[in-house]
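Since the structure comes first, as structure tokens, the remarks are kept for the end.
Residue numbers (the working numbering), protein chains in the order written: chain A, 360 to 472; chain B, 598 to 711.
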């Protein structure tokens, strides 16, 4: 069983719709939960992170973490064609290095005009 | 933020040969990380490279197959040795943000082994 599970998609939505992405994980020791966006032939870029359980909002993006269910979500409101990318959830076990991450497989999102 | 340059961006190699991937960062960093992204799979950490010490490898990865050098605080190399088609992947270099909960990635090296 993988430590982090993520549906690879593709997920196709019309412009303006809400995109809903999620990941489940098995290791309850994870403390930091991140969402990265990766465009084709580029490296991942951090969208946002959340510490422990709770919600975090940044513009059109909302991240949610439910540690009791080992479930995290990312919502993209008013989606735009420029949001078309692969979205990767990532998790960190400890605080001494943000660079050691466990990633989900990534969900490909296509926003159609 | 950190700007990371990787070379080469892509390569096609014969099985049995080796390829060395270079990673250059625009600022000094303590730790550098090497990841592998196989088709349809998640990014998987290969090893952590500290300057002045041996790299630390994750389970399933060994130094003989993926030797790493870290000669200074801005540069690292990853070698993929004795390649087979199963090594066809994207290899990414990464560094952590200073005082920030963030990891920065290079654009990756797309390797195809034939």
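C-beta: ideal position from N, C-alpha, C; glycine also.
Am I right that residue i and residue j are in contact with their C-beta atoms under 8 Å? What's the rounded C-beta distance?
i: residue 406(A); j: residue 392(A); result: About 11 Å; that fails the 8 Å criterion.
i: residue 435(A); j: residue 424(A); result: 16 Å between Cβ atoms; not a contact.
i: residue 402(A); j: residue 702(B); result: 3 Å
i: residue 633(B); j: residue 707(B); result: Not really, about 12 Å apart at Cβ, beyond 8 Å.
i: residue 412(A); j: residue 429(A); result: With 8 Å as the limit, residue 412(A) and residue 429(A) do not qualify as a contact, their Cβ atoms being about 11 Å apart.
i: residue 438(A); j: residue 374(A); result: 6 Å
i: residue 452(A); j: residue 394(A); result: With a Cβ gap of about 17 Å, residue 452(A) and residue 394(A) do not count as contacting.
i: residue 681(B); j: residue 710(B); result: 6 Å
i: residue 713(B); j: residue 625(B); result: Since the first and last residues shown for chain B are 598 and 711, residue 713(B) lies out of range.
Between residue i and chain A, is the shortest Cβ-Cβ distance under 8 Å, so that the two count as touching?
i: residue 709(B); result: no
i: residue 630(B); result: yes
i: residue 657(B); result: no
Is the shortest distance between the beta-carbon of residue i and the beta-carbons of chain B less than 8 Å?
i: residue 394(A); result: no
i: residue 370(A); result: no
i: residue 408(A); result: yes
i: residue 401(A); result: yes
i: residue 363(A); result: yes
i: residue 391(A); result: yes
i: residue 433(A); result: no
i: residue 380(A); result: no
i: residue 440(A); result: no
i: residue 373(A); result: no
i: residue 367(A); result: yes
Does the beta-carbon of residue i have 16 or more other beta-carbons within 10 angstroms, so that it is buried, or is it exposed?
i: residue 668(B); result: exposed
i: residue 347(A); result: Nothing about residue 347(A) can be read from this structure; chain A reaches only from 360 to 472.
i: residue 609(B); result: exposed
i: residue 684(B); result: buried
i: residue 660(B); result: exposed
i: residue 449(A); result: buried
i: residue 614(B); result: exposed
i: residue 379(A); result: exposed
i: residue 377(A); result: exposed
i: residue 446(A); result: buried
i: residue 600(B); result: exposed
i: residue 644(B); result: buried
i: residue 696(B); result: exposed
Using a Cβ cut-off of 7 Å, which residues of the stretch 686-702 of chain B contact any Cβ in chain A, in chain order?
-> The residues in question are 689, 691, 692, 693, 694, 698, 699, 700, 702.
Mind pulling the beta strand (DSSP E) runs of 3 or more residues that sit fully within the stretch 637-709 of chain B?
-> Uninterrupted beta strand (DSSP E) stretches at least 3 residues long and entirely within the stretch 637-709 of chain B occur at 640-647, 665-669, 672-677, 686-693, 700-702, given in chain order.
Please specify which runs of the beta strand (DSSP E), each continuous and at least 3 residues long, are wholly inside the stretch 404-470 of chain A, giving them in chain order.
-> The stretch 404-470 of chain A contains these whole beta strand (DSSP E) runs: 404-410, 413-417, 420-425, 430-435, 444-451, 460-462.
Of all the residues that make up the stretch 599-626 of chain B, which are near chain A by a beta-carbon distance shorter than 7 Å?
-> Those residues of the stretch 599-626 of chain B that come within reach of chain A (Cβ to Cβ, closer than 7 Å) do not exist; the list is empty.
What residues from the stretch 448-464 of chain A come within 7 Å of chain B, judged by C-beta to C-beta, listed N to C?
-> For the stretch 448-464 of chain A, which is checked against every Cβ of chain B, the residues closer than 7 Å are 456, 457, 458, 459, 460, 462, 463, 464.
In chain order, what residues of the stretch 636-649 of chain B put their CB closer than 7 Å to some CB of chain A?
-> Taking 7 Å as the Cβ-Cβ cut-off against chain A, the residues of the stretch 636-649 of chain B that qualify are 637, 638, 639, 640, 642, 645.
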